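Number of protein chains: 2
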Amino acid sequence: MNPKDNILINETAKVFKAISHPTRLWIIDQLAKGEICVCVFNENLDADFSTISKHLTVLKEAGIVDFEKRGKQVFYNLKMDCILNFILCVRGTIKDNIVSKLNQIEKLEV
Amino acid sequence: MNPKDNILINETAKVFKAISHPTRLWIIDQLAKGEICVCVFNENLDADFSTISKHLTVLKEAGIVDFEKRGKQVFYNLKMDCILNFILCVRGTIKDNIVSKLNQIEKLEV
DNA sequence: TTCTCATTTGGCAAATTAACCAAATAAAAA
DNA sequence: TTTTTATTTGGTTAATTTGCCAAATGAGAA
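Protein chains in written order, with my numbering: chain A, 1 to 110; chain B, 1001 to 1110.
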């Protein structure tokens, strides 16, 4: 069995890969509030315009965001809303893990 | 603003990165049914034992799975259960996207 | 039409990840 | 104790991803 031969597993992996970059996650976080112009990302991120554009393309191709051109500007919006719930859950787990590490350290100290 | 400096965003990205590999997604799918011995993965996957072991380590370090040693064997189990809901949602989106592509093609043909 | 502004695309070097083989560990069986 | 079995670790090479620069596109303004 090689999971790379399974189309559904492969496509699902692509979606996760698209999300798994700090800049792209930050973009998703911002889009949770509503559509945002690319120009706003360019203003707020310390990265080349071209880099930001490529991150947006990755999200678009994975079906996570969509965009709309209005005049000279392009506005992106979040298409896959269920992602927000999952991010909350992941962050819950991250916090739990940190707390349990802390408890282990405290046990050693006592 | 550089999202790479944000600890929570970074840790969240690591979790997504850990999931975003076909073999690791397949492992997660299998673990949905309950704990599984590494030996079963070794039997069912066309990959070197060391490769499989490294995939399991990635999942463990991301806090997605946990393991227990019993005798000579090691059993892995799913720790972050909310992942299953999100995988379902992602697959729903993948199917929707395929359907809408199909509709676009059909419109062209008519 | 020409100019300017917003964004994307192409190309390349640097960084990261994956997969294999060989060797190491660790528990149980002989 | 030695051997066998299950799994992990180290190291190396190949493949993939990232990020920057420069150039291209495309829409509105002049």
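In this text, a Cβ means the ideal position worked out from N, Cα and C, and glycines have one as well. These numbers were taken from a predicted model, which means no experiment stands behind them.
Counted within 10 angstroms of its Cβ, other Cβ atoms place residue i as buried (16 or more) or exposed
| i | result |
| --- | --- |
| phenylalanine 41 (chain A) | buried |
| leucine 45 (chain A) | buried |
| threonine 23 (chain A) | buried |
| valine 1099 (chain B) | exposed |
| isoleucine 1028 (chain B) | buried |
| methionine 1 (chain A) | exposed |
Residue from the options whose Cα sits closest to the Cα of residue i
| i | options | result |
| --- | --- | --- |
| histidine 1055 (chain B) | B:Thr1093, B:Val1015, B:Ile1007 and B:Ile1094 | B:Val1015 |
| isoleucine 83 (chain A) | B:Ile1007, B:Thr1012 and B:Asp1066 | B:Thr1012 |
| arginine 1070 (chain B) | B:Asn1006, B:Val1038 and B:Ile1007 | B:Val1038 |
| lysine 1060 (chain B) | B:Ser1050, B:Tyr1076 and B:Asp1096 | B:Tyr1076 |
| alanine 1032 (chain B) | B:Asn1006, B:Lys1072, B:Glu1109 and B:Leu1078 | B:Leu1078 |
| isoleucine 7 (chain A) | B:Asn1103, B:Lys1095, B:Thr1057 and B:Lys1101 | B:Lys1095 |
| lysine 1017 (chain B) | A:Leu108, A:Val90, A:Thr51 and A:Asp5 | A:Val90 |
| aspartate 1005 (chain B) | A:His21, A:Ser50 and A:Asp48 | A:His21 |
| aspartate 1066 (chain B) | A:Glu109, A:Asn97, A:Ile105 and A:Gln30 | A:Asn97 |
Beta-carbon separation (whole angstroms), residue i vs residue j, contact threshold 8 Å
| i | j | result |
| --- | --- | --- |
| glycine 63 (chain A) | threonine 1093 (chain B) | 5 Å |
Residues of its chain near residue i, where Cβ-Cβ distance is below 6 Å and the 5 sequence neighbours each way are ignored
| i | result |
| --- | --- |
| proline 3 (chain A) | Ile9 |
| methionine 80 (chain A) | Ile64 |
| glutamine 104 (chain A) | none |
| glutamate 109 (chain A) | none |
| asparagine 85 (chain A) | none |
Close-in-space but distant-in-sequence residues of the same chain around residue i (CB under 8 Å, 5 per side omitted)
| i | result |
| --- | --- |
| leucine 25 (chain A) | Ile19 and Ile87 |
| glutamate 1035 (chain B) | Glu1068, Phe1075, Tyr1076 and Asn1077 |
| glutamine 73 (chain A) | Cys37, Val38 and Cys39 |
| serine 1053 (chain B) | Val1038 |
| leucine 102 (chain A) | none |
Nonlocal neighbours in the same chain, by C-beta distance under 7 Å from residue i, ignoring five residues either side
| i | result |
| --- | --- |
| valine 58 (chain A) | Ala18 and Arg24 |
| phenylalanine 49 (chain A) | Asn42 |
| glutamine 1030 (chain B) | Ile1036 |
| threonine 51 (chain A) | none |
| lysine 1107 (chain B) | none |
Using a Cβ-Cβ cut-off of less than 9 Å, list which residues of the region 14–38 of chain A approach chain B; keep chain order. Along the region 14–38 of chain A, going in chain order, the ones with a CB nearer than 9 Å to a CB of chain B are Lys14, Val15, Phe16, Lys17, Ala18, Ile19, Ser20, His21, Pro22, Thr23, Arg24, Leu25, Trp26, Ile27 and Asp29.
Which residues of the region 1087–1099 of chain B have a Cβ closer than 7 Å to any Cβ of chain A? Give them in chain order. Ile1087, Cys1089, Val1090, Arg1091, Thr1093, Ile1094 and Asn1097
Using Cβ-Cβ distances below 7 Å, what residues of the region 1040–1073 of chain B are close to chain A? So the close ones are Asn1044, Leu1045, Asp1046 and Gly1063.
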